[in-house]
Each structure stands twice: as C-alpha cells, then as structure tokens.
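Visitor: Residue numbers (the numbering used here): 608 to 888. Heads up, the beta-carbon is just placed ideally off N, CA and C, and yes, glycines get one too. For clarity, every value in this text was computed on a predicted model and none was experimentally measured. Take a look at the following structure, please.
Written out as structure tokens, the structure reads:
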C-alpha cells in the first residue's frame, strides 16, 4: 500500500506520566504509527522496535498486511514516504515490550481497537444490525460448520456489548468476579484432545513449538506485581485473540480458540445455566 491518504481522524495518546504525546492517524478500519512513534509509545529505541517488527513479520506464517507508506512532512519541511504500521502490528510489538509504559500503552491500544473496530455496539447500531443479518444468512447454510459458527455468533452477540461496557467501567463488577478458576496448560490440552476433531485429524490441535503453552502462561503474566489482564473477561478475550492470531496449532486454530473461550468462561462460572453468557456474574 503506497501513497495512501488517510481521512482526517486523530486518536490522541498521552502516557501515564504525561511525558509522551502522540497524534495517531486513524482511517476507517485501523490506526497507524511509524517506527519513531512506536519507539516513543513503548519507551524503546528505534532499533529495538525494528527488531520486534521483524520478529513479528517472521513469526506470522501467512504474512499480514500491516505496513503502509504515507506521505509525511519531516522537520526539514520536505515530504517523504514513511512506513507506518497498523493496530495489529502495534499490539504485536506491545506484547513483546516488557515495560511499565508497554502495559499502559497496550491497554490504550486495546481501547482504540474497541472504539474503532467494535464501536458499532455503542456508536453505530447499524453495524450490529448488519452483523445480525450476516448471522441469519450463515445459519441457513447446509454446511454444519458454517451453521455452527452462526449459532456461536448469535449466542454471544449480546455479550459483546456487556463485555465492552464492563471493560470501560460502565457496569459494576459482579459479585464473586474476584474469584478466578485458573486454566492450566495441561487442562487446556486435555480439553482440546477431547474434541471430536482431534481424533479425526493428525494436525488438529497439535501444538507447534510450545507456543500454546506460552499463550496460557501469558494469561497470568504480571509486571511489577500487577496482572496485565486484570479481569476474567480480559483473560478470556486475550485467550481467544492469541490463539486465532498466533496459530499455535498445526490446524483448527479458530475452532480451538472458540472452544477454549467458552471453556474458560464456563470454568469461571460466567456462563448461565443454559450455557449462555451470564449477565450478572
């Protein structure tokens, strides 16, 4: 992608200590930062940021469109084509940066993700209606897997609103939410092996290079005595996101991610008696 002109939308970022200020360009789908801005955002030098970007690009098996060149005016007044990286890469670099500012900026980046990619549930109800329409179309499919996907989406669409409100502090913390059932790597693998797909394929649910073990351990990662994912909901969402994005299994990553998401919520008693998401804890 070269010479793309962004719409004039800006997401303002300010660090926790008010020493870093960034004007982040936003188009209709994502946000974009260049390497210099990423270095400021995460408190690392440009060379280190470049190393993390290179690692992220190498680890993605199929490659992904995260880089775009935008016309940028430099301090000398001249305009140059400068590489920028979208929110997917910003988050990927953020997860690799071990710093207090990294934790703060990851949370900010996640809030931008929700605002600009999932804001249909708050700002634009038409997007939610459109998603419901897609679910209805999928549910008519004669393919069991497609129809099953529609069933899962239909069940959890209302919960997306609740989870967003919960994460933005618009609903009270339900009683008992402080208690957390801890998902272990061993329990997760036993659950995956119990899925029918596991015995039907030599690739489904087979871990690659211990990467899934790292995802499970990351759910409970701390920095300075503070958990990176403070609520059960954040842990469940990150589990789903990481399994889909990082492809820790040779096959069946999306199916494993969806199943593990439900398994984790159920283990933490966030599902209702009818296995639908509970609204009150």
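With a threshold of 8 Å on Cβ separation, who are the neighbours of residue 646 within its own chain once the five nearest residues in sequence on each side are excluded?
Guide: As a position in the chain shown, residue 646 is number 39, starting the count at 1. Contacts found: 652, 653, 655, 656.
Visitor: In three-state terms, what does DSSP make of residue 683?
Guide: In the chain shown, counting from the first residue as 1, residue 683 sits at position 76. In this structure, residue 683 counts as coil in the three-state DSSP scheme.
Visitor: So, helix, strand or coil for residue 827, using DSSP?
Guide: Within the chain shown, the letter at position 220 stands for residue 827. Note: residue 827 maps to coil in three-state DSSP.
Visitor: Can you find the residues in the same chain that come closer than 6 Å, C-beta to C-beta, to residue 845, ignoring five residues on each side of it along the sequence?
Guide: Stepping through the chain shown from its first residue, residue 845 is reached at position 238. Correct list, in chain order: 836.
Visitor: Could you tell me which residues DSSP puts in a beta bridge with residue 854?
Guide: Here residue 854 refers to the residue found at position 247 when the chain shown is read from its first residue. Looking at the DSSP assignment, residue 854 forms no beta bridge with any residue, so it has no partner.
Visitor: Mind checking whether residue 641 and residue 673 have CB atoms under 7 Å apart?
Guide: Here residue 641 refers to the residue found at position 34 when the chain shown is read from its first residue. Here residue 673 refers to the residue found at position 66 when the chain shown is read from its first residue. Cβ atoms of residue 641 and residue 673: not closer than 7 Å.
Visitor: Along the alpha helix (DSSP H) that carries residue 662, what are the first and last residues, could you check?
Guide: The residue you call residue 662 lines up with position 55 of the chain shown. Residue 662 -> alpha helix (DSSP H) spans 653-666.
Visitor: When the Cα atoms are used, what is the spatial distance from residue 681 to residue 828?
Guide: The count along the chain shown starts at 1 and reaches residue 681 at position 74. The count along the chain shown starts at 1 and reaches residue 828 at position 221. Going by the C-alpha atoms only, they are around 39 Å apart.
Visitor: Going by the beta-carbon positions, is the gap between residue 812 and residue 871 smaller than 7 Å?
Guide: If you number the chain shown from 1, residue 812 lands on position 205. If you number the chain shown from 1, residue 871 lands on position 264. Result no, Cβ atoms of residue 812 and residue 871 do not sit closer than 7 Å.
Visitor: Just the Cα atoms here: how many angstroms apart are residue 679 and residue 686?
Guide: Position 72 of the chain shown, counted from the start, is the residue given in the question as residue 679. Position 79 of the chain shown, counted from the start, is the residue given in the question as residue 686. The straight-line gap from Cα to Cα measures roughly 5 Å.
Visitor: To which residues of the same chain is residue 848 closer than 7 Å at the C-beta, ignoring the five residues directly before and after it?
Guide: Your numbering for residue 848 matches position 241 in the chain shown. Excluding sequence neighbours, residue 848 sits near nothing in its chain.
Visitor: Going by DSSP in three states, residue 836 sits in which element: helix, strand or coil?
Guide: Walking along the chain shown from the start, residue 836 turns up at place 229. It is coil, neither helix nor strand.
Visitor: Could you name the residues that DSSP lists as bridge partners for residue 674?
Guide: Residue numbering aside, residue 674 sits at position 67 when the chain shown is read from its first letter. 692.
Visitor: Which residue wins for smallest C-alpha separation from residue 697, given the options 683, 684, 661?
Guide: Locating residue 697 in the chain shown gives position 90, where the first residue counts as 1. For the residues 683, 684, 661, the minimum Cα distance to residue 697 belongs to 661.
Visitor: Would you decide whether residue 843 is buried or exposed? Buried here means 16 or more other CB atoms lie within 10 Å of its CB.
Guide: As a first step, residue 843 is located in the chain shown; it is residue number 236 there, counting from the start. That one is buried.
Visitor: Given a threshold of 16 other Cβ atoms within 10 Å of its Cβ, counted over all protein chains shown, does residue 840 qualify as buried or as exposed?
Guide: In the chain shown, the residue the question calls residue 840 occupies position 233. Buried, because 16 or more other Cβ atoms sit within 10 Å of the Cβ of residue 840.
Visitor: State yes or no: is the C-beta of residue 823 within less than 7 Å of the C-beta of residue 795?
Guide: Working through the chain shown from its first residue, we reach residue 823 at position 216. Working through the chain shown from its first residue, we reach residue 795 at position 188. Their beta carbons are under 7 Å apart, which means residue 823 touches residue 795 by this criterion.
Visitor: Residue 809: buried (16+ other C-beta within 10 angstroms of its C-beta) or exposed?
Guide: Translated into positions along the chain shown, residue 809 becomes position 202. It counts as exposed.
Visitor: For the alpha helix (DSSP H) that contains residue 796, what are its first and last residues?
Guide: Here residue 796 refers to the residue found at position 189 when the chain shown is read from its first residue. From DSSP, the alpha helix (DSSP H) with residue 796 extends over 792-800.
Visitor: Can you tell me whether residue 860 is buried or exposed? The criterion is at least 16 other CB atoms within 10 Å of its CB, across all chains shown.
Guide: Here the question's residue 860 lines up with position 253 in the chain shown. Answer is buried; the Cβ neighbour count reaches 16.
Visitor: Should residue 875 and residue 788 be called a contact, given that it needs their Cβ atoms to be closer than 7 Å?
Guide: Counting from one through the chain shown, the residue named residue 875 turns up at place 268. Counting from one through the chain shown, the residue named residue 788 turns up at place 181. Yes; because the gap between Cβ atoms is below 7 Å, this pair is in contact.
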